[in-house]
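In the numbering used here, the protein residues as written are 38 to 134.
Backbone N, C-alpha and C fix where the C-beta goes; we use that ideal spot for every residue, glycine too.
Predicted model only: the values in this text are computed from it and were never measured.
Only one structure is covered here, and it is reproduced in the block below.
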């Protein structure tokens, strides 16, 4: 006497699990970009902007993804904001392996 067993794979749940597993790697890459940006900003001005990294699991057009956001806060100073944006644009290659 054999018994047939059937199962179904929840692809949405699997998508979430895979992105949660990738979160440490995404955070590591974002931290590398932020470290390079902080270094570059520190060498350009005596009052560098604050560079912050936030990570989350989010939904974009292609599905669920691990997302890292790196932002520069100039504290209301236009020059610090300019430097923050410039160093972030130039340091994006730091996250590549």
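When burial is assigned at 16 or more other CB atoms within 10 Å of the CB, is residue i buried or exposed?
i, result
"residue 86", "buried"
"residue 120", "buried"
"residue 103", "buried"
"residue 126", "exposed"
"residue 74", "buried"
"residue 128", "buried"
For the putative contact between residue i and residue j, defined by C-beta atoms under 8 Å, what is the C-beta separation to the nearest angstrom?
i, j, result
"residue 101", "residue 65", "The Cβ separation is near 20 Å, so there is no contact."
"residue 190", "residue 131", "No answer is possible for residue 190: it lies beyond the span of the chain, which begins at 38 and ends at 134."
"residue 107", "residue 71", "5 Å"
"residue 96", "residue 105", "Between residue 105 and residue 96 the Cβ distance is about 15 Å, and since that is not below 8 Å, they are no contact."
"residue 57", "residue 94", "6 Å"
"residue 117", "residue 84", "6 Å"
"residue 124", "residue 67", "Rounded, the Cβ-Cβ distance is 14 Å, inconsistent with contact."
Would you say residue i faces chain C, with C-beta separation under 8 Å as the test?
i, result
"residue 84", "This model lacks chain C altogether; it includes just one protein chain."
Along the beta strand (DSSP E) that carries residue i, what are the first and last residues, could you check?
i, result
"residue 111", "That residue, residue 111, is in no beta strand (DSSP E); it is neither H nor E in DSSP."
key: beta strand (DSSP E) segments (min. 3 residues) lying fully within the stretch 63-107   = Correct list: 87-97.
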